[in-house]
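Chains as they are written, first to last, in UniProt numbering: chain A, 1 to 312; chain B, 1 to 476; chain C, 1 to 274.
The structure appears right after this line, and notes come after that.
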Amino acid sequence: MRNFLVARLLQAGLVATVVGALCFVLMRVLPGDAAMRIAAGRYGPDARIAEAAEKMRLELGLDRPLTAQFLEWIGDVLRLDLGHSLVTGSPVVHELKVQLGASMWLAASALALSLLVGPVIGLFSGLKPGGAIDRLALAGAVIFRAIPPFVLGLILMLVFSKQLGWLPPAGFGSPREMLLPALTLALGLAAMSSRITRNSVAAVAKAPYFAFARYKGLPEAVVVGRHGLRNAAIPVVSYLGLQAVYLVEGVVVVESLFAYPGIGHALVHAVVERDIPMVQGTALVMGLMFVVIAAIVDLLTHWLDPRVRRMA
Amino acid sequence: MNIQANPDLSIAALSIDSPEGRIVSDISLALGRGRPVTLLGESGSGKSLVAQAIMGNLPPGLHATGRVVFKGTDLLTETPAQRRRRWGRSICLLPQEPWLALDPTMRVLPQVAEIHRFVKEKDAARSNALAKENLAGVSLAHAGALYPFQMSGGMGQRAAIAMAHAADSELLIADEPTKGLDTVLRDSVTARLKREVEAGRLLLTITHDVAVARALGGMIGVMLDGRMVEHAPAEKLLEAPEHAYTKALLAAEPAKWEPQASAASGEVVLAGRGLAKRYDRRSLFSDLDISVAAGEIVSIFGPSGCGKTTLGSILLGLSPPDAGVVERRAGMSPLRFQKLYQDPPAAFAPHQTIRKGLTDLVRLHAKEWTAVERLLDRLRLPETLLDRLPSQVSGGELQRFALLRALLLDPAFLFADEATSRLDPVSQKEVITFLQEIVRETGPAVLFVTHDRDIAENISARAINLDNKGPLETAH
Amino acid sequence: MSSIGDLSFARPKGRLPAGRMFGAGLLVLLGCFAIIGPMLIPADPAAQDFSASLAPIGGDFLLGADHYGRSLLARLAHGARLSFGLAFLTMLAAALPGVLLGLAAAWRGGWTERFLELSATIVLALPGLMLVLLLLAFAPGNYAPLFLGLSLTLWVEFYRVTKATTKSVLAQPHIEAARMLGFGSCYILVNYILPVIAPMIATLSAFAMATAIIAVSTLSAISVGLQPPTPELGSMIVELLPYYAEAPVHVLLPAMLIVLLVLGLQLLAQGDHG
Numbered sequence: 001m002r003n004f005l006v007a008r009l010l011q012a013g014l015v016a017t018v019v020g021a022l023c024f025v026l027m028r029v030l031p032g033d034a035a036m037r038i039a040a041g042r043y044g045p046d047a048r049i050a051e052a053a054e055k056m057r058l059e060l061g062l063d064r065p066l067t068a069q070f071l072e073w074i075g076d077v078l079r080l081d082l083g084h085s086l087v088t089g090s091p092v093v094h095e096l097k098v099q100l101g102a103s104m105w106l107a108a109s110a111l112a113l114s115l116l117v118g119p120v121i122g123l124f125s126g127l128k129p130g131g132a133i134d135r136l137a138l139a140g141a142v143i144f145r146a147i148p149p150f151v152l153g154l155i156l157m158l159v160f161s162k163q164l165g166w167l168p169p170a171g172f173g174s175p176r177e178m179l180l181p182a183l184t185l186a187l188g189l190a191a192m193s194s195r196i197t198r199n200s201v202a203a204v205a206k207a208p209y210f211a212f213a214r215y216k217g218l219p220e221a222v223v224v225g226r227h228g229l230r231n232a233a234i235p236v237v238s239y240l241g242l243q244a245v246y247l248v249e250g251v252v253v254v255e256s257l258f259a260y261p262g263i264g265h266a267l268v269h270a271v272v273e274r275d276i277p278m279v280q281g282t283a284l285v286m287g288l289m290f291v292v293i294a295a296i297v298d299l300l301t302h303w304l305d306p307r308v309r310r311m312a
Numbered sequence: 001m002n003i004q005a006n007p008d009l010s011i012a013a014l015s016i017d018s019p020e021g022r023i024v025s026d027i028s029l030a031l032g033r034g035r036p037v038t039l040l041g042e043s044g045s046g047k048s049l050v051a052q053a054i055m056g057n058l059p060p061g062l063h064a065t066g067r068v069v070f071k072g073t074d075l076l077t078e079t080p081a082q083r084r085r086r087w088g089r090s091i092c093l094l095p096q097e098p099w100l101a102l103d104p105t106m107r108v109l110p111q112v113a114e115i116h117r118f119v120k121e122k123d124a125a126r127s128n129a130l131a132k133e134n135l136a137g138v139s140l141a142h143a144g145a146l147y148p149f150q151m152s153g154g155m156g157q158r159a160a161i162a163m164a165h166a167a168d169s170e171l172l173i174a175d176e177p178t179k180g181l182d183t184v185l186r187d188s189v190t191a192r193l194k195r196e197v198e199a200g201r202l203l204l205t206i207t208h209d210v211a212v213a214r215a216l217g218g219m220i221g222v223m224l225d226g227r228m229v230e231h232a233p234a235e236k237l238l239e240a241p242e243h244a245y246t247k248a249l250l251a252a253e254p255a256k257w258e259p260q261a262s263a264a265s266g267e268v269v270l271a272g273r274g275l276a277k278r279y280d281r282r283s284l285f286s287d288l289d290i291s292v293a294a295g296e297i298v299s300i301f302g303p304s305g306c307g308k309t310t311l312g313s314i315l316l317g318l319s320p321p322d323a324g325v326v327e328r329r330a331g332m333s334p335l336r337f338q339k340l341y342q343d344p345p346a347a348f349a350p351h352q353t354i355r356k357g358l359t360d361l362v363r364l365h366a367k368e369w370t371a372v373e374r375l376l377d378r379l380r381l382p383e384t385l386l387d388r389l390p391s392q393v394s395g396g397e398l399q400r401f402a403l404l405r406a407l408l409l410d411p412a413f414l415f416a417d418e419a420t421s422r423l424d425p426v427s428q429k430e431v432i433t434f435l436q437e438i439v440r441e442t443g444p445a446v447l448f449v450t451h452d453r454d455i456a457e458n459i460s461a462r463a464i465n466l467d468n469k470g471p472l473e474t475a476h
Numbered sequence: 001m002s003s004i005g006d007l008s009f010a011r012p013k014g015r016l017p018a019g020r021m022f023g024a025g026l027l028v029l030l031g032c033f034a035i036i037g038p039m040l041i042p043a044d045p046a047a048q049d050f051s052a053s054l055a056p057i058g059g060d061f062l063l064g065a066d067h068y069g070r071s072l073l074a075r076l077a078h079g080a081r082l083s084f085g086l087a088f089l090t091m092l093a094a095a096l097p098g099v100l101l102g103l104a105a106a107w108r109g110g111w112t113e114r115f116l117e118l119s120a121t122i123v124l125a126l127p128g129l130m131l132v133l134l135l136l137a138f139a140p141g142n143y144a145p146l147f148l149g150l151s152l153t154l155w156v157e158f159y160r161v162t163k164a165t166t167k168s169v170l171a172q173p174h175i176e177a178a179r180m181l182g183f184g185s186c187y188i189l190v191n192y193i194l195p196v197i198a199p200m201i202a203t204l205s206a207f208a209m210a211t212a213i214i215a216v217s218t219l220s221a222i223s224v225g226l227q228p229p230t231p232e233l234g235s236m237i238v239e240l241l242p243y244y245a246e247a248p249v250h251v252l253l254p255a256m257l258i259v260l261l262v263l264g265l266q267l268l269a270q271g272d273h274g
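See the structure below:
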């Protein structure tokens, strides 16, 4: 168990280093003097900018050797001192706080929605592999997986807000506005988890221990409850770790599409505007979000599967 | 046929049909108290299907006809729900390979206790106490908190017996209860089954192992291709078999072989001195001296996990010893040191036809294809098998191809690593006989690893027991 | 980038499954459209004709025209070629090093493997799309960071699968047997390793291309990938979106083309194994 957490902490460190290093390089290869751009970002492009830039140069330590600058940069990142946005001039951390909340809500509701749909469909497909439900669910899963999230989001937007006018196409604040982006992500997630659940249920139903539980004379409810559910849940839960990738990537895409003021939207904006402190901050937070989801999945798997416990 | 006047389970004219046709036909037998029945036969002989027809868990698509009368009721006329109600109550199954039949994510004690709790409907505390007694009864009192993956095959089998005991049904069906166990564990399982018989339970055992049938006594039915070719009391059938297949089966039993030890006919080919190896912080062997001379078969035997295979790998130079030296006779090509593997299909590339493998080998070493033809003839391998994939020929045939492949290189030393343990008894005898003949004809040195003491003693002048560290149980 | 994580290499025995056949057929059709289309269709995908703005389907323009009056048929054909081509190159740039490094890691083990494992772990620390986004910050709207970023994230899957499979094959007794019979590493690689990994690499390649197509169109749609007027399918959708009320089918055409491309690749990769 400790091994998992150490591995995830290392991963978090790696995320910080990768993001930090890329942004450090980015800061230095972009045309124009970094100090000048930051000063302009903070104080506005007016006459006294050269003076401000000089102050900034000293503040940033741009006169020191590159390695020292890099180490200090990484040190700042690790201390979560993320600097100020070049566009708005306000501290990156402040902006992130609001956006992170919005994104968490979106990701959590998407995940919850997908878990309501995917595993349930998977369960019924897996109980009768090759049956009508299974084939229908398979066709659905194949099609939904072939639709990129942004196309799916567009289709939902066109159908539910433009054609039917049931839901707002964009914005933030009420559950109604969150429904479309969350549904977009949830459908993609459910398409994947339904198949994993189906395979896992079918495998458990065929497993010798499941048959043996019946031969022992246990009532069907006990057989399923004690020997079926936990075993079938293990692959589904560990697959959630892979879905974390889809979820985090999906958040970026769907937030941009629905103009949802979350961290993914902010990241894309920062990339377009080359607001490096914001790029660094948002990428860092999203990367850490990914690590946290993976760590939660680790913990769940660990709790469900004694074999993992021993290997750890 | 010696059928009791009032048997508790009698089967009459039982046949099992699949959509493609009849796969088991006309089985009749009877079980009484103190008179167990053992069905003996190879995989595919239909013996497990008979057990499933009695239990009521035939695979979908299969259909049983005839009569299976258990205490006055014909089970085949019952509905699936009625039959399922008998499971764990009046009929109980001892599964094959119980380490697969135990729930991998649940500790052993609750897996036993749930029988008391949900089948016998006792309260939770009482169920746990009873389950502890059941486990103690098979010397697993200490193992209740273990998960199946933490137990050895023997422990798993004992846990399954504890569950059968907990169910306390009248009829116990044991389906290949010794599959995958070595001889020591096999004998302890048979002894426990015997105790169940003495306690008054009806026992039907399915096995491929003559030794199990002998130990259990009672009646033996020999199955071949879905028919019962012979059915008689154990003493009679084992002493004076009538059917040709039964005779072959009994003659193939290693204990019955005529000892034919090959003794050294030349000088020492390979020797190890002061060899030691540790694995997992445990000493497999230390200060071991071994030498094999041309023309002799030296056996190593011991239970699984004792380091037999490791010793062979060290001698072949495939893995280094922790201490000691291996010496080969000077001036010999390394190609003349060859190995036969335990699992023949694993020793061949799965998607390469046997012909392609042999052609490439012949070309690589600039040999003649006629050499292959000569050996095919010698090992009685039909040429039609050459164009098949390794998975499409039987284990015995494939092991002979492995022998052929090695013989092409004129081996001076052959390491046979449990080379016959996965084969059925008749093929096992066949392969070993060929090996003995080859040794006599061309005189390679053979180191034969086996877990079967009888084989070791029958085929070699010298047998090394690697079991001096006490029996070990390794997890599966 | 998440779609290639969950491969099941279980192949049904016997006949080629219907799903695979359908996927292959679909890809052949789309491939023809992408390769031959731009040559056969005389219209220039960038030629504007404001009088034909949002021309309906079936009139002067077979598939209508967009808001600038550009032929949608020509733009779709060029878009398909761009998606296919970029995805194919990305796949090659990921598969070649991935497979070779995977073989090297499995064969050599030791420090080679440890170093490569570390590199893979670093790449996988972030979700793939985010890494591409970060690289795109260097030069938004350019091919190079898009191509590099995608290859950089996709090689890992090729590397891991190749390494794991090769390692497990190398550990099998038949390899030891072949060595004892005198066969060399080259023979073992060609006859024993490649036949096992080839179908997996083929499956991974199709998935990698699907992933690349999704990523390129997605990034272009959120305006950090390729920029208009490049006939990129994702940005075409977004460009046409404001005119949805007047020409709904125009918006859906590029979207359908993307879905069909991805569907074809995914079906080819694993048939109807969900």
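Just so you know, even glycine gets a beta-carbon here, dropped at the ideal spot from N, CA and C.
Of A:M104, A:N3, A:G89 and A:H269, the smallest CA-CA separation from A:L288 is found for A:M104. One thing to note: C:L170 has its Cβ no nearer than 8 Å to the Cβ of C:A125. Here B:A445 is near B:E296, since their CB atoms are less than 8 Å apart. The C-beta distance from B:L249 to B:P425 rounds to 6 Å, short enough to fall under 8 Å.
Any Cβ of chain C closer than 8 Å to the Cβ of A:L14 would place that residue at the interface, and such an atom is present.
The three-state reading of DSSP puts B:R278 in strand, counting E and B together.
The distance from the Cβ of B:P177 to that of B:T205 is about 7 Å, consistent with a contact at the 8 Å cut-off. Spatial neighbours of B:K122 in its own chain (CB-CB distance under 6 Å, excluding positions within 5 residues in sequence) are listed in chain order as H116.
B:H208 sits in coil when the DSSP states are folded into three classes, being neither helix nor strand. Counting only unbroken stretches of 4 or more residues, the alpha helix (DSSP H) elements lying wholly within the stretch 238-297 of chain A are 263-273, in sequence order. Excluding the 5 residues flanking it on each side, A:A295 has same chain C-beta neighbours closer than 8 Å at F4, L5 and R8, in chain order. Within the stretch 33-68 of chain B, the complete alpha helix (DSSP H) segments at least 4 residues long are 47-55, listed from N- to C-terminus. When secondary structure is reduced to three states using DSSP, B:P233 falls in the strand class.
The contact set of B:I115 on chain A, defined by CB atoms closer than 9 Å, consists of K216, G217 and L218 in chain order. Inter-residue distance for B:A159 and B:R192 is about 12 Å (C-alpha atoms, whole angstroms). Taking 8 Å as the cut-off, the beta carbon of B:L29 is found closer than this to the beta carbon of B:V37. Within chain A, the residues V272 have their CB atoms less than 7 Å from the CB of C:S223, given in chain order. Short of 6 Å from the beta carbon of B:H243, and not among the five residues preceding or following it, lie these beta carbons of its own chain, in chain order: V229 and E230.
By a beta-carbon distance limit of 8 Å, C:I258 does not contact C:L226. Their separation comes to about 14 Å. For A:A132, the enclosing alpha helix (DSSP H) covers residues A132 to A146. At least one beta carbon of chain C lies nearer than 8 Å to the beta carbon of B:Q352. Under the three-state reduction of DSSP, A:P91 is assigned to strand.
At least one beta carbon of chain B lies nearer than 8 Å to the beta carbon of C:M180. Look at B:M151 here: in three-state DSSP terms it is coil, with no helix or strand label.
At least one C-beta of chain C is nearer than 8 Å to the C-beta of B:Y341. Distance check between C:V216 and each of C:V196, C:I237, C:A74 and C:L27 places C:I237 closest, using alpha-carbon atoms only. If you draw a straight line from the Cα of B:I290 to the Cα of B:R227, it is about 48 Å long. Between C:A94 and C:F158, the C-beta spacing is below 8 Å. A distance below 7 Å between beta-carbons, with the five flanking residues on each side excluded, links B:A347 to the following residues of its chain, in chain order: Y341 and A402. Between A:Q69 and the set A:P169, A:L116, A:R135 and A:R28, the nearest pair of CA atoms involves A:R28. Just measuring C-alpha positions, the residue of A:F24, A:G131 and A:S200 sitting nearest A:S238 is A:S200. Judged by their CB atoms, B:N134 and B:A162 are nearer to each other than the 8 Å cut-off.
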